[in-house]
Each structure stands twice: as C-alpha cells, then as structure tokens.
Amino acid sequence: MAFQFIGYEWKVLARCWGIAEDTETVKQFIMNNLGSDGFTNKQIRNDIEQFLHALIKEEKKLGDNYHVYEAFLKLSDFSLAKWITNNLSELWT
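Under numbering that gives the first Met the number 0, the letters of the sequence shown match residues 0 to 92, in that order.
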C-alpha cells in the first residue's frame, strides 16, 4: 500500500522514507537521490508531489496561495529538489 500523505508538515516525508525527522537528514536524502538525469529513484519525486498535493489541499482552506505550490509540481527534478531543500524547514513546521 502506498504511503498516504494526510498531513501537510514536512516531517511526513521523513516518516514516509523511514529516516530521521530532521531537516538536514531529509535534505541530504533528497540530494543523495538526485543524479545527472534527475531523481535516481522516481518514487522520491512522486512522494514530494504527493506531499505538495496535501499542502495544496490545506492551503486552499486558508486562502489563495495554493497556486504557488501548484507551480512547483511543474519544476524539473533539479529545480524541485533545490527548492524543497532550501525551504523545507519553513514548510508547515
């Protein structure tokens, strides 16, 4: 069964991947799974997208900033990895 992203806090990514709920650990995990052609494990991209969908769902309840997160779904693997690792600790902590 696939991991269900019910919540919207970034720590759910760590739980999904079975790693420490620490921003540096999650950042390192993401970057370690990024190769010259994008994510070496496409499930990482899928998990990040599912996390963003959960974030969008919550953001829609609060206002209209969800469009920003929808745009992130269209980024390349490299840009998405860079954005999420740079902003991870600010995402619904």
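Even for Gly, the Cβ is constructed at its ideal location relative to N, Cα and C.
Using only the alpha-carbon positions, how far apart do residue i and residue j sit?
i    : j   : result
L33  : S78 : 11 Å
K116 : L51 : Here the chain covers residues 0 to 92 and nothing more, so residue 116 does not appear.
T3   : E89 : Note on residue identity: the sequence assigns Gln, not Thr, to residue 3. Straight-line Cα distance between these residues: approximately 22 Å.
S75  : S35 : 12 Å
N45  : V67 : 18 Å
T63  : W9  : Looking at the sequence shown, residue 63 is not Thr but Asp. Taking the straight line joining both Cα atoms gives about 20 Å.
T24  : W16 : 11 Å
Identify, in the order they occur along the chain, each residue of the same chain with its Cβ nearer than 8 Å to the Cβ of residue i, setting aside the five sequence neighbours on each side.
i   : result
D21 : A13
DSSP beta-bridge partners for residue i?
i   : result
L33 : F38
Is the distance from the Cβ of residue i to the Cβ of residue j below 8 Å?
i   : j   : result
I29 : I43 : yes
I83 : I55 : no
E69 : Y7  : no
K41 : L87 : no
If I measure Cβ to Cβ from residue i and keep anything under 7 Å in the same chain, skipping five residues before and after, which residues do I get?
i   : result
V11 : F4, F50
Which residues in the same chain as residue i place their Cβ atom closer than 6 Å to its Cβ, once the five residues preceding and following it in sequence are excluded?
i   : result
A53 : F4, Y7
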